[in-house]
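Notes follow the structure.
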Amino acid sequence: MAKVLSQEEVDSLLNGIGDGKIETEKDVPEQKPAVALCDFSRKKGPVHLGMDALVMINERFINMVNESLSTAIGSVIEVNVSEINSIKYGDFSKSLSLPASLNILKMEPLRGFALLYLEGELVFALVDSLYGGKGVSRVKLEGKS
Numbered sequence: 494m495a496k497v498l499s500q501e502e503v504d505s506l507l508n509g510i511g512d513g514k515i516e517t518e519k520d521v522p523e524q525k526p527a528v529a530l531c532d533f534s535r536k537k538g539p540v541h542l543g544m545d546a547l548v549m550i551n552e553r554f555i556n557m558v559n560e561s562l563s564t565a566i567g568s569v570i571e572v573n574v575s576e577i578n579s580i581k582y583g584d585f586s587k588s589l590s591l592p593a594s595l596n597i598l599k600m601e602p603l604r605g606f607a608l609l610y611l612e613g614e615l616v617f618a619l620v621d622s623l624y625g626g627k628g629v630s631r632v633k634l635e636g637k638s
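This is how it looks when you write it as structure tokens:
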């Protein structure tokens, strides 16, 4: 069984350390953590430059959306990438304009899910086009209250 120090022995050790009678180890080498920490909220350069696979997935998704929407609506649809950013989800959710369409998708054969965000004006224009309109939304959109 392990030896347990009495309160007197503990007090004696602490007093000895405080008075300098008992030496402590001062040159203990600092141990490096086994896991490297990574903070994704800090940008150390263009994030998208190191993600060639993500760029390729975006290009294929855009081609698929162009073809399927053009076929479904019966008019030419052009989808482009305006920019690629890496932001925190909290900042993203605060920047959403309401009303909006948030959709969670499964993109086979990829693992996990994707989030598709469509602004209200685009949703109303798509619905108008699908039901035979000209795709011009005249609905007044109200923002966050």
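Position 126 (the sequence shown) corresponds to 619 in my numbering; numbering is contiguous.
Ideal Cβ positions, reconstructed from N, Cα and C, are used throughout, including at glycine.
The structure displayed is predicted, hence computed values, not measured ones.
{"Check": "Identify which residue in Leu608, Tyr624, Ala593 has its Cα closest to the Cα of Lys599.", "Outcome": "Leu608"}
{"Check": "Under the DSSP definition of a beta bridge, which residues are partnered with Leu608?", "Outcome": "Ile597"}
{"Check": "What number of angstroms, rounded off, separates the C-alpha of His541 from the C-alpha of Asn596?", "Outcome": "Legend: pLDDT at His541 = 49, less than 50; position of this residue unreliable, value from coordinates given subsequently. Approximately 23 Å, taken between the alpha carbons."}
{"Check": "So what does DSSP say about Gly509, is it helix, strand or coil?", "Outcome": "helix"}
{"Check": "Just the C-alpha distance for Thr564 and Ala527, rounded to the nearest angstrom, thanks.", "Outcome": "53 Å"}
{"Check": "Ends of the alpha helix (DSSP H) at Leu615?", "Outcome": "613 to 623"}
{"Check": "Looking at the structure shown, is Arg525 part of a helix, part of a strand, or coil, going by DSSP?", "Outcome": "Going by the sequence as given, residue 525 is Lys instead of Arg. Coil at Lys525, not helix or strand."}
{"Check": "Starting from Gly626, trace the alpha helix (DSSP H) both ways and give me its first and last residue.", "Outcome": "Element bounds for Gly626: n/a, residue is neither H nor E."}
{"Check": "What's the gap between the Cα of Gly567 and the Cα of Val558?", "Outcome": "13 Å"}
{"Check": "Return the CA-CA distance between Lys627 and Ser590, expressed in angstroms with no decimal places.", "Outcome": "24 Å"}
{"Check": "Could you check where the alpha helix (DSSP H) with Val548 kicks off and where it finishes?", "Outcome": "545 to 566"}
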